[in-house]
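**Student:** Please find one structure pasted underneath; my questions will follow.
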Amino acid sequence: MRILHISDTHIGGALYFNKEMLEGILGETIKQKFDLVIHSGDVTQGGRRQEFEQARKILSRVDIPLIALAGNHDARSGGLYLFKKYIGPLNGVLEIGDAVIIHVNSAFEDSDQGRVGMVKFDMMRKALNDYSEKKIKIIVLHHHTIPIPMAGRERNVLTNAGDILDLILKEDVDLVLSGHRHYPNIYQIENTVFINAGTASATKTRYGDVNSYNIIEINERTRRVRTVRLDGKAQGFSFPKRKKRIFSDFGEREFRAVHIANTLISDSRAFLKRNFLNAMDTIKKLSPDLLVHCGGIVREGIAQDYEAAVSFMEELEVPVVYTPAGRDINYLGYYLFPTYFGSIDQRYSNENILFQGICSTQYDSQDGIVGPSQRKLLLKKLKTPEKTKAVFLHHNVLPISHSREKGLLEDSGDLLRELVDAKIDLVLTGTSSHPFAAQIGDTIVVNANSLSSVYQRSVFGNSFNIIDIYEGAIAVFEVNSLWGRRRLLGIWERNNSADDSRL
Amino acid sequence: MNLHYPAFYDLKRPVREVMTKRLIGIDSKATFREGVAKMVEFSISSLVITNGGDVVGFITDTDVKRSVASGLTPETKIEQIMTTDLITVNISASVRKVLETMSKNKIKHLLVTEKGKVVGIVTVRDLEHMVRQKLETYISRE
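These protein sequences, in sequence, are chains A and B.
Residue numbers for the first sequence follow this note's numbering, so the first one is 1 and each next one is one higher.
Residue numbers for the second sequence follow this note's numbering, so the first one is 1001 and each next one is one higher.
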């Protein structure tokens, strides 16, 4: 199946819309053979009637199936009503041969933010369940699920992106198409390819970029995406399906790290002492080479919490590296953290492996940001000869289920792209209190649940992670704090860089 | 104390939503001891037995206990112990179908297939999270 994927046309915007550009792109449907055109939203500039009339006129020239979504711009001025009238339904399911395409509206009136509400989430899940046997499953949303680079502060990822990502991965969706940020970007996470289109015809591009669109070829085995930039430069990527499910020969274990977060040590009821003590006992028995604490050591950055934390943590006779959460540096924490737990950006290395911490927190705020200067410094620190490299920080770089997108680093789009491009083996995070592990490109992103606080979101209960590095694979387990029961979150082959190859 | 939880598991949901999509396996030429060591290392209650990438058998902790009780030595080849008659369920089958198949065959582990190939596993444990969480919330409250 061949799909022409366009986005963010902004039809009618007197300053922004380039009509000739769009007509040229749509003309490709006559020159080349496509099965479908997908427009992933922001059809019009301002959701006004005249703009929708013009849009209908332009889009009606496409004589193959077309799916168009409403974007945040279309939802302005009561535009969602007009969208249905002039363009088509806001949500829907289209079957073409072996493929099913599910498109869901993520825009709501007069807001640039995106969300898929509970009714639509259930609709999406039901459609995926109903079409579970389809060989190709495609989801289209205007707003992006995965943070986009070069798009400034991450504010417009879907508010429930974590749940959407979880559903997409569980249901083995093949493609997720989005737009919104006017910057083309592609990732493969597990077996799903997330494709963001740039703008097809708005002059409002980012970083002086040009207009672009995607040509997607998909079959049961592979997914090819060609981003055509209108300055004549095109980039192609191929994403074969990762078939390996059974791991039987991956050599000896080289390293074991235990990954924890949000212990919230304090006198308060928020700190579950029994869960903490049991977990520490389990950790001792696991004899890890390193413990990585991704922040939330204490409940507040006050002396008595730090004193308690020091006495609890010193029981462990393993090397520990810490990175602070906002709460760790609040109040007197800015002084107590370095006094009791060491420098802000900590690092562990031996001849084979490097764990590099990076501070993502600020005073009196739950929001995380790394910033361009610190990111640059981080990449410099990662230019070392070790075979395996891991970065750890408090805030999330991928959205976590059952939480709002607030845990995401504000510059998660940029940091994620840089770490994935640098083929960093592991990125460990520790907020949003839900376990998560998935491979994006060649990088495995792991989030730790809260080890011992009442504020956690997993039905498995408070937990921590084990990261076992073998010669041929990396395995991640979640271990229940109270019982020590273990479950595999994932196991991935090491050094399989062939999957995301530039054509 | 009674805590009420929403129904996390709709019986109509496909098994692909609740299954584990990665399996730990061992070569059929390995010994019983090596197999059990792998089960201990990964803290898992079952193991798939492979031969050149294909699944040829399966053992669970019940098979391990039975083998020890019957006097088999640790150096016995795992292929002599494994079950070769694999009970499977399709990846698109419902959770209801999983429960039916498990109860009909009196088993707690079920291999999941897609296009005839084993692609994962679903166990009773995967369906127990809710109950466990309910218990834990009670125990952790002091």
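Note that beta-carbon positions come from the ideal geometry of N, C-alpha and C, so glycine has one too.
What residues of chain B sit near Phe312 of chain A, judged by a beta carbon separation below 7 Å?
**Tutor:** Going along chain B, no residue has its Cβ under 7 Å from Phe312 of chain A, so there is no contact; the nearest lies around 16 Å.
**Student:** From the DSSP output, read off the bridge partner residues of Gly1116 of chain B.
**Tutor:** Note: Gly1116 of chain B sits in no beta bridge, so no partner.
**Student:** Take every Cβ of the region 430-448 of chain A, pair it with every Cβ of the region 213-224 of chain A, and state whether three or more of those distances are shorter than 8 Å.
**Tutor:** No, the region 430-448 of chain A is not in contact with the region 213-224 of chain A.
**Student:** Please report the straight-line C-alpha distance between Ala504 of chain A and Ala325 of chain A, rounded to a whole angstrom.
**Tutor:** The question about residue 504 of chain A has no answer here: the residues shown for chain A are numbered 1 through 503.
**Student:** Does Gly490 of chain A pass the burial test, meaning 16 or more other C-beta atoms within 10 Å, or should it be called exposed?
**Tutor:** Buried, because 16 or more other Cβ atoms sit within 10 Å of the Cβ of Gly490 of chain A.
**Student:** Measure the alpha-carbon distance for Ile265 of chain A versus Ala257 of chain A and round it to whole angstroms.
**Tutor:** Distance between the alpha carbons of Ile265 of chain A and Ala257 of chain A is about 21 Å.
**Student:** Using the Cα positions of Arg494 of chain A and Ala99 of chain A, report the straight-line distance between them to the nearest angstrom.
**Tutor:** Roughly 32 Å separates the two Cα atoms.
**Student:** Please tell me whether Ser238 of chain A has its Cβ less than 7 Å away from any Cβ of chain B.
**Tutor:** Chain B contact via Cβ: absent.
**Student:** Give me the residue from A:Leu488, A:Leu332, A:Arg125, A:Lys389 with the minimum Cα distance to Lys423 of chain A.
**Tutor:** It is A:Lys389.
**Student:** Of all the CB atoms in chain B, is at least one closer than 7 Å to the CB of Glu493 of chain A?
**Tutor:** No, Glu493 of chain A lies away from the interface with chain B (no Cβ there is under 7 Å from its Cβ).
**Student:** Report the partner residues of His103 of chain A according to the DSSP bridge assignment.
**Tutor:** Answer is A:Gly92, A:Val140, bridged to His103 of chain A.
**Student:** Among A:Asp63, A:Ser401, A:Leu419, A:Asp172, whose alpha-carbon lies nearest the alpha-carbon of Lys31 of chain A?
**Tutor:** For Lys31 of chain A, the nearest C-alpha among the options comes from A:Asp63.
**Student:** Is there a Cβ from chain A that is less than 7 Å from the Cβ of Arg1096 of chain B?
**Tutor:** Closer than 7 Å: no.
**Student:** Could you spell out where the beta strand (DSSP E) holding Ile58 of chain A opens and where it closes?
**Tutor:** Looking at the DSSP string, Ile58 of chain A is not in any beta strand (DSSP E); the run it does join, the alpha helix (DSSP H), is 49-59.
**Student:** Check the DSSP bridge columns for Thr1050 of chain B and list the partner residues they point to.
**Tutor:** In the DSSP output, where bridge partners are listed per residue, Thr1050 of chain B has B:Asp1027, B:Val1055.
**Student:** Would you list the one or two residues that DSSP bridges to Asp468 of chain A?
**Tutor:** Paired residues: A:Arg256, A:Ala475.
**Student:** Suppose contacts are defined by Cβ-Cβ distances below 7 Å. Is Gly114 of chain A in contact with His143 of chain A by that definition?
**Tutor:** In contact: Gly114 of chain A and His143 of chain A (Cβ atoms closer than 7 Å).
**Student:** Does the Cβ-Cβ distance between Asn18 of chain A and Ala70 of chain A come in under 7 Å?
**Tutor:** Contact: no.
**Student:** Could you check the C-alpha separation between Tyr455 of chain A and Leu291 of chain A for me, to the nearest Å?
**Tutor:** Rounded to the nearest angstrom, the two C-alpha atoms are 22 Å apart.
**Student:** The beta strand (DSSP E) with Ile444 of chain A in it runs from where to where?
**Tutor:** Looking at the DSSP string, the run of the beta strand (DSSP E) that includes Ile444 of chain A is 443-447.
**Student:** Are any of the Cβ atoms in chain B nearer than 7 Å to that of Arg242 of chain A?
**Tutor:** Not an interface residue.
**Student:** Give the straight-line distance between the Cα atoms of Ile358 of chain A and Leu377 of chain A, rounded to the nearest whole angstrom.
**Tutor:** Distance between the alpha carbons of Ile358 of chain A and Leu377 of chain A: 10 Å.
**Student:** When you compare each of A:Ala261, A:Arg327, A:Ser463 to Trp483 of chain A by their alpha carbons, which one comes out closest?
**Tutor:** Among A:Ala261, A:Arg327, A:Ser463, the Cα nearest to that of Trp483 of chain A is on A:Ser463.
**Student:** Using only alpha-carbon positions, find the residue among A:Phe392, A:Leu26, A:Ala151 that is nearest to Val505 of chain A.
**Tutor:** Residue 505 of chain A lies beyond the range of chain A shown here (1 to 503); nothing can be said about it.
**Student:** Is the number of C-beta pairs between the region 169-181 of chain A and the region 426-434 of chain A that are closer than 8 Å three or more?
**Tutor:** Because the criterion of three Cβ pairs below 8 Å is not met, the region 169-181 of chain A and the region 426-434 of chain A do not touch.
**Student:** Since Gly1025 of chain B contacts Leu1011 of chain B with CB under 8 Å, what's their CB separation in whole angstroms?
**Tutor:** With 8 Å as the limit, Gly1025 of chain B and Leu1011 of chain B do not qualify as a contact, their Cβ atoms being about 30 Å apart.
**Student:** From this set, B:Val1055, B:Glu1100, B:Leu1023, B:Glu1079, which residue's C-alpha is nearest Arg1033 of chain B's C-alpha?
**Tutor:** The shortest C-alpha separation from Arg1033 of chain B is found at B:Glu1079.
**Student:** Return the chain-ordered list of same chain residues with a C-beta closer than 6 Å to the C-beta of Leu230 of chain A, the five sequence neighbours on each side being excluded.
**Tutor:** Within the same chain, Leu230 of chain A has close Cβ partners Val210, Asn211.
**Student:** Considering only DSSP beta bridges, list what Gln504 of chain A is partnered with.
**Tutor:** Because chain A in this structure spans residues 1 to 503, residue 504 of chain A falls outside the shown range and cannot be described.
**Student:** Considering only the beta carbon of each residue, do Leu336 of chain A and Tyr306 of chain A sit closer than 7 Å?
**Tutor:** In this structure, Tyr306 of chain A lies closer than 7 Å to Leu336 of chain A by Cβ.
**Student:** Give the DSSP bridge partners of Arg2 of chain A, in chain order.
**Tutor:** Paired residue(s): A:Glu217.
**Student:** List the residues of chain A whose Cβ lies closer than 8 Å to the Cβ of Arg1016 of chain B, in chain order.
**Tutor:** Here the neighbours are Ser132, Lys170, Glu171, Asp172.
**Student:** Which first and last residues belong to the alpha helix (DSSP H) in which Thr339 of chain A is found?
**Tutor:** Its alpha helix (DSSP H) spans residues 333-341.
**Student:** Does the beta-carbon distance from Glu405 of chain A to Ala161 of chain A come in below 7 Å?
**Tutor:** Yes, they are a contact pair.
**Student:** Specify the secondary structure class of Asn350 of chain A as computed by DSSP and reduced to three states.
**Tutor:** If DSSP states are grouped into helix, strand and coil, Asn350 of chain A belongs with coil.
**Student:** Taking its Cβ as the centre, do 16 or more other Cβ atoms sit within 10 Å of Asp15 of chain A, making it buried, or is it exposed?
**Tutor:** Note on identity: in this sequence residue 15 of chain A is Leu, with Asp being the wrong assignment. Counting Cβ neighbours within 10 Å, Leu15 of chain A comes out exposed, since fewer than 16 surround it.
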